[in-house]
């Protein structure tokens, strides 16, 4: 079906728009990823979905189309931990690489995928480079105990093009939500995903259930899928889409704060992460708790 027909359905405004079926959403998103539509039609799609919002069935369809077009990471000996990283640091150091290295130290293969979506933040890719972990330029198997960063463009160029639309229209689109639920691994894996606003906890959980995903979902730190080092967030697990409550959010006033770097640039953050990994500084308790929950979920994958 032509994209014009779909835009007519989803572009009637917040109250008048009609939801697409999962199959229709997959067809629509596949056309967008394949580049078989015009820039004007892509812009119309992005703005219409921004106003309407995605249903879990639509997001599942978008993921179906994306997974059909991904360059898949080959299976490893143990389940691969998949960590999307697309938000970066604005006020706190981006500690996604610390979470990845702690999991790798437990012998797990860890995939981080992402891209810089704006110019004013410090992104995981820069911190990893400062840790002597450059981005991959080809698809390969991840060894046990290894952290690998795969740029979105390597996994799916069409998805990268859609993410880049934000730099033109200055608004996020469906791709920015999709990448947090995307799993590019061919073998057993566990997705570590996050949300920023409470309403996304419900829609993302519903999508994970529909997709039958193995995952850990938490309220992230500035949009990153790592626990806030200052306070333990709520964490929810999913095994084949079945939800499992893991951790209630920490309540009450904080009695102590972890000693974090005052600067958030990639070199300062990398130095801090090296000190934590060497045992010279403690692992922030919420991140240590997140690692424990991930290890428990991996046993069920």
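Residue numbers (the numbering used here): 619 to 919.
From the three backbone atoms N, C-alpha and C, an ideal C-beta is built for every residue, glycine too.
Using beta-carbon positions only, say whether residue 714 and residue 843 come within less than 8 Å of one another. yes
Determine the direct distance from the alpha carbon of residue 636 to that of residue 761, and round the result to whole angstroms. 45 Å
Alpha-carbon spacing of residue 805 relative to residue 687, whole angstroms: 16 Å
First and last residue of the alpha helix (DSSP H) that includes residue 817? 816–829
Going by CA-CA distance only, name the one from 667, 630, 807 and 631 that's closest to residue 643. 667
Can you tell me whether residue 810 is helix, strand or coil according to DSSP? In the three-state scheme derived from DSSP, where H, G and I count as helix and E and B as strand, residue 810 is classed as strand.
Between the Cα of residue 722 and the Cα atoms of 659, 830, 700 and 691, which residue gives the shortest distance? Residue 722 has its Cα closest to that of 700, out of 659, 830, 700 and 691.
By DSSP, does residue 700 sit in helix, in strand, or in coil? strand
Within a Cβ cutoff of 6 Å, which residues of the same chain sit near residue 886, ignoring the five residues on either side of it in sequence? 879
Among 820, 733 and 828, which has the Cα closest to the Cα of residue 853? 820
Opposite residue 767 in the DSSP bridges: which residues? 730
Hey, residue 641 and residue 671: beta-carbon distance below 8 Å or not? no
Tell me where the alpha helix (DSSP H) around residue 785 begins and ends. 784–787
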